[in-house]
Amino acid sequence: MDQSVAIQETLAEGEYCLIAVQGVLCEGDSRQSRLLGLIRYRLEHGGQEHALFLYTHRRMAITGDDVSLDQIVPVSRDFTLEEVSPDGELYILGSDVTVQLDTAELSLTFQLPFGSHTRMFLQEVARACPGFDPATPDPEFQWLSRYRCTQREPSLRCWISASGTRIGGGGSHLDGLRPHGKGLLVDQSSRGQDKADSLLTRQNKSKSEIADMVRSATITVSNKAHILTMQKFELRDTIVKSHLVQKEEDYTYIQNFRFFVGTYNVNGQSPKEGLQPWLSHGIQAPDVYCVGFQELDLSKEAFFFHDTPKEEEWFKAVSESLHPDAKYAKVKLVRLVGIMLLLYVKEEHAAYISEVEVESVGTGVMGRMGNKGGVAIRFQFHNTSVCVVNSHLAAHTEEYERRNQDYKDICSRMLFSRGDASLAPVPISKHDVILWLGDLNYRIEELDVEKVKKLIEEKDFQTLYAYDQLKTQVAANAVFQGFTEGKITFQPTYKYDTGSDEWDTSEKCRAPAWCDRILWKGTNITQLSYQSHMALKTSDHKPVSSVFDIGVKVIQQELYRKTLEKIVRSLDKMENANIASVTLSKLEFCFQNVKYMQLRIESFTIQNGQVPCEFEFINKPGEESYCKLWLNANPSKGFLLPDAAVEIELELFVNKTTATKLNSGEDKIEDILVLHLERGRDYFLSVSGNYLPSCFGTPIHTLCYMREPILDLPLETVSELTVMPLRTEDDGSQLERPLKIPKELWIMVDYLYRNAMLQEDLFQQPGLRSEFEEIRDSLDTGMIDTLNTASFSSHSVAEALLLFLESLPEPVICYSAYHNCLECSGNYTASQQVISSLPRFHKNVFHYLMSFLRELLKNSAENHLDENILASIFGSLLLRNPAGHQKLDMLEKKKAQEFIHQFLCNSP
Amino acid sequence: MAKKTYDLLFKLLLIGDSGVGKTCVLFRFSDDAFNTTFISTIGIDFKIKTVELQGKKIKLQIWDTAGQERFHTITTSYYRGAMGIMLVYDITNGKSFENISKWLRNIDEHANEDVERMLLGNKCDMDDKRVVPKAKGEQIAREHGIRFFETSAKANINIEKAFLTLAEDILRKTPVKEPNSENVDISSGGGVTGWKSKCC
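In structure tokens:
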């Protein structure tokens, strides 16, 4: 619904609401609905000024009572209304249009609904912006002073920029929340570096620059293309990445790296001895260290406050015991109560470690606390993803199912977030390499302690291993599905008397068990060693270590570049193939010998290609419509599915509005239309041809100087005579003696005089179009015989006469005399005086027509015409309001009738 | 793959007299192909091509314009927003070279002030039909302080180089945010400051 109607009701005389749109005013977090009305004010001395009126409103505004004026922003020279895209938000087709309104005094942000109405609104506003021709004066906005004085509304804010005074308060500048122009790098760079800077210099900007900014408020061709390609930009990145993953093998090779994995339950102790025997003795310097601890701190403080000095102590102990042959960089440390995991890499590898994330899961008390559970570090090493998990599962021999459950909980709850929040988190299972270490707490069952110890003494680990819970649970597929463990060739690592290699002698006398384990999952993993380290005696556990060679996917830069290039090329190709493109059956249109009021149609087909497209004829810069007034494209916009076609008709029709300039040569049958495809090409259509001048649309005095039929005259003569000023005095030197009245008028009137004096319904019954064309042609070519011999319907000739009068660029009673005529419509003498002041030819025509009409009235018994009918028909043709198309109000119409009426009743 | 991509969009424009080979230059660059049949561009066409410069992925959106005189007033409205303009003449067509100053004036009037300009003398494979010496091209380019290449879309000479050079010139003027370095903590063996343990 058009809400400009409601606004119009509140406006003063002379103010006109061109278009209105409902939008949302964004100030900080506040969002308030506003009605934006573009108001035009016509100045007395000609010209016009515009202002944007902002209204608060209730519901959808239907009447003036529904709106209340909040703010006025004059459309001054520093006024800009630009489409912007909010910070960081992706442009989404069909989303609201965010626009930024700037003047020297204020800056407002609005959201306007998507669609053609908003587009029209923006175009109207752009058109309303004052030109930047230095010759025209700055708009003064005096008409707005009314709103300044009558501040009925205390909140009314009005900025009058020309006078420099600012009325009302609260003009908050929104610089803080101002979205950057378009959000496109393109625009940022082309706009100069500093927004603040540009604000400061705005006052000094050259006018052409400002004009540029104003023009950018309309949605131009180039803007559209920018926005739409940007929209696909991020998507494209995702596509490139997924293609790269698919083609990984093309540009990576496998290189082995040595990983050291260690686990140690330290039973709450502090480090008392060097860790070298565990971490670095008897091995080559590994590339990566993954070192896990359990029971780092058994104190209540560690449990409840998560803070422990042990962390630093053990971290230091490990750092000091790493292999001396290499320098290591700590990548990450993660701890959950007593469960700690450390990751180091050789310094030279640090650059190839990325996307490091840590996570922890507690499975202890209440299934959540951190006395049991796991911690993990995931990272990308070259092109291989690695996840290292350190877990401490539930204790006690009979609790193996609880341990299985802990494992499952860790797997399901351990989710690594990613740098990009929009991406789904990654579980442990989604890694190329998974290394799982820890005190898994699985025990040896079904054997009594003595039997176990005996088998250990005999080093019959194979027999003993058969009773290992982890082995049986894995075999039953109850836990660690898909994981591998190396062969155990070391004696159980639990439980010893602290400080010794003696089995537990305490009251509980725990049976020995392989609590501390290392498992892995993934391809290209070779275990080089799997052992315990009896030398360390600090804890009731012995530490365990395993060294692996792990094949990591390393990028071959040259191949990577080539693969990437290939992907990018194919995407470019796809994108280029997706640019809308059509085939036009015709690009040039020639209209030969166009005649007055003769509809000419040339059609062509738009054949679409493979991409659905929207097409529209768009305005050329600085023009208000996509083509000249005498032309029309039907349809002028539309939508085409792939392979679909549509026929467009170019309709050419010259009427009274356009005829005169075509006669004079000021306008020609020449135009270029721009057919724009949304997200695609633009096509230029050329229209050419020639117009055959006609007496229709030619001024009275010009016709009087044409003794020959108009088409017998050279075009230059027609042109010269058409632009000849109205009050040319007949000096007889250059020109032939003029006719008293146009011969064409005489021919038509004469025809009616001879054939139609008794005709009923004359001037009231429509004529035949085909006959009108013949009449026009015979008048323009001088084939008067046709008129004399052919038996035209009187109605056709009568209508041609009316059309002739209507087409006169200057009416019979000149525009300048219009108001005088209305004023003296009751006074015959005064009326006669006005007529006598008309230019000679106009006066002649007027008297000629009046006497003809009086002749007609003499036969009113037969033709049933009366003064009133004729006065009403001819009143509005002979007297025309100089303001143009504005509809005549009833009073004016009546006075015009009265004026003519006097001449019909009184013979001079 | 680990590297984050930084994308820029550059809008480039090809202008010059009808028949100098603007469309062929674009076709060679975007599709690495050449078509001998001459089809006059009646309107505005564009293609995209992604290139990598100084480690940045840059998307070039290249607009091909109608060269015919009767369309000039319309095509100039497409200049605005272009960050780079390639002005093309034909070394075998003296008229197309003479019009260069007219085109340059057009750019001054209608393009952004800071637009990067470049002059191309196309069809340099047709040396036997040459009427514009290379030195004349160089001279006018020097006078206006712009870069100049002789190119051949047909023989694929200097086409890619010209586009990449133009893009580089634009890139040089474009302020770009530097990427954040990746998140590896290389405090080898040092303290663990700033680190916080995570818990359920």
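These protein sequence lines are chains A and B, in that order. Just so we're aligned, residue 1 is where the first sequence starts under UniProt numbering, counting upward by one. Just so we're aligned, residue 1 is where the second sequence starts under UniProt numbering, counting upward by one. Here a beta-carbon is modelled for each residue, glycine too, at the ideal position from N, C-alpha and C. These numbers come from a predicted model, not from an experiment.
**Prompt:** Which term fits A:ILE601, buried or exposed, when burial requires 16 or more other beta carbons within 10 angstroms of its beta carbon?
**Reply:** exposed
**Request:** Report, in whole angstroms, the separation of the C-beta atoms of B:LYS173 and B:ASP114, which I expect to be a contact under 8 Å.
**Result:** 7 Å
**Request:** Taking B:ARG70 as the reference, give the member of A:GLY364, A:GLU670, A:TYR818, A:GLY486 with the closest Cα.
**Result:** A:GLU670
**Asked** Excluding sequence positions up to five away, which residues of its chain have a Cβ less than 6 Å from the Cβ of A:ASP212?
**Response** The predicted position of A:ASP212 is uncertain, since its pLDDT is 33 and thus under 50; no value can be drawn from it.
**Item:** Contacts around A:TYR815, its chain only, beta-carbon distance under 6 Å, and the 5 residues preceding and following it disregarded
**Value:** PRO882
**In chain order, each beta strand (DSSP E) run of at least 3 residues that lies wholly inside the segment 680 to 760 of chain A** = 682 to 691
**Request:** Answer with yes or no whether the minimum CB distance from A:ASN578 to chain B is below 7 Å.
**Result:** no
**Request:** Give the single residue among A:MET724, A:GLU774, A:ASN690 whose Cα lies nearest to the Cα of A:MET748.
**Result:** A:GLU774
**Item:** Members of the segment 113 to 137 of chain B near chain A, C-beta cut-off 9 Å
**Value:** GLU113, ASP114, VAL115
**Request:** Could you check the C-alpha separation between A:GLU359 and A:ASP406 for me, to the nearest Å?
**Result:** 15 Å
**Item:** Selection from B:ARG105, B:ALA111, B:LYS102, B:LYS49 that minimises the alpha carbon distance to A:SER570
**Value:** B:LYS49
**Item:** Below-7 Å beta-carbon distance, B:PRO179 vs any chain A residue
**Value:** The pLDDT assigned to B:PRO179 is 44, lower than 50, so where the model puts this residue is not dependable; a value taken from the coordinates is nonetheless given after this. So no, B:PRO179 is outside the interface.
**Sheet register partners of A:HIS50 (DSSP bridge)** = A:ARG40
**Item:** Residue range of the alpha helix (DSSP H) that includes A:SER585
**Value:** Unbroken run through A:SER585: none, as it is neither H nor E.
**Asked** Considering only residues of the same chain and omitting the five flanking positions on each side of B:GLU182, which have a CB-CB separation below 6 Å?
**Response** Confidence at B:GLU182 is low in this model, with a pLDDT of 40, below 50, so its placement is unreliable and the value that follows should be read with caution. So no residue of the chain qualifies.
**Request:** Would you verify that the beta carbon of A:PRO425 is, or is not, closer than 7 Å to some beta carbon of chain B?
**Result:** no
**Asked** So with Cβ pairs under 7 Å, would you call B:GLY21 a contact of chain A?
**Response** no
**Message:** What residue range does the alpha helix (DSSP H) around A:TYR465 cover?
**Reply:** 461 to 465
**Item:** 7 Å Cβ cutoff met for A:ARG34 and A:LEU54
**Value:** yes
**Asked** How is A:LYS205 classed by DSSP in three states: helix, strand or coil?
**Response** In this predicted model, A:LYS205 has a pLDDT of only 37, less than 50, meaning its place in the structure is not dependable; the value taken from the coordinates is given anyway. Coil.
**Prompt:** Between the segment 83 to 109 of chain B and chain A, which residues of the former have CB atoms less than 7 Å from a CB of the latter, in chain order?
**Reply:** MET83
**Asked** Rounded to whole angstroms, how far is the Cβ of A:TYR705 from the Cβ of A:LEU715, which I believe are closer than 8 Å?
**Response** So it is not a contact: roughly 15 Å between Cβ atoms.
**Item:** Proximal residues to B:ASP45 (C-beta, below 6 Å), its chain only, five neighbours per side dropped
**Value:** ASP64
**Request:** Output the distance between the C-alpha atoms of A:LEU122 and A:THR80, rounded to the nearest integer angstrom.
**Result:** 11 Å
**Request:** Give the straight-line distance between the Cα atoms of A:GLN759 and A:PHE852, rounded to the nearest whole angstrom.
**Result:** 14 Å
**Message:** Within 7 Å of any Cβ in chain B, is that where the Cβ of A:LEU587 sits?
**Reply:** yes
**Request:** Please list the segments of the alpha helix (DSSP H) lying wholly inside the segment 392 to 433 of chain A, counting only runs of 4 or more residues, in order along the chain.
**Result:** 400 to 413
**Item:** Three-state class that DSSP yields for B:ALA111 in the structure shown
**Value:** coil
**Message:** List, in chain order, every chain A residue whose beta-carbon is nearer than 7 Å to that of B:ASP169.
**Reply:** Going along chain A, no residue has its Cβ under 7 Å from B:ASP169, so there is no contact; the nearest lies around 12 Å.
**Message:** Within a Cβ cutoff of 7 Å, which residues of the same chain sit near B:GLN54, ignoring the five residues on either side of it in sequence?
**Reply:** LEU171
**Item:** Rounded C-alpha distance that separates B:ILE100 from B:PHE29
**Value:** 23 Å
**Asked** Using the beta-carbon of each residue, which ones in chain A are nearer than 7 Å to B:LYS49?
**Response** ASP572
**Prompt:** Is there at least one Cβ from chain B nearer than 7 Å to A:PRO621's Cβ?
**Reply:** yes
**Prompt:** Going by beta carbon distance, what residues of the same chain come within less than 6 Å of A:VAL291, once the five residues before and after it are set aside?
**Reply:** GLY262, VAL318, LEU342
**Request:** Closer than 8 Å by beta-carbon distance: list the chain A residues that pair up with B:GLY43, in chain order.
**Result:** VAL674, LEU675, ARG681, ASP682, TYR683, PHE684
**Message:** Under 8 Å: do the segment 519 to 528 of chain A and the segment 540 to 548 of chain A share three or more Cβ pairs, one atom per stretch?
**Reply:** yes
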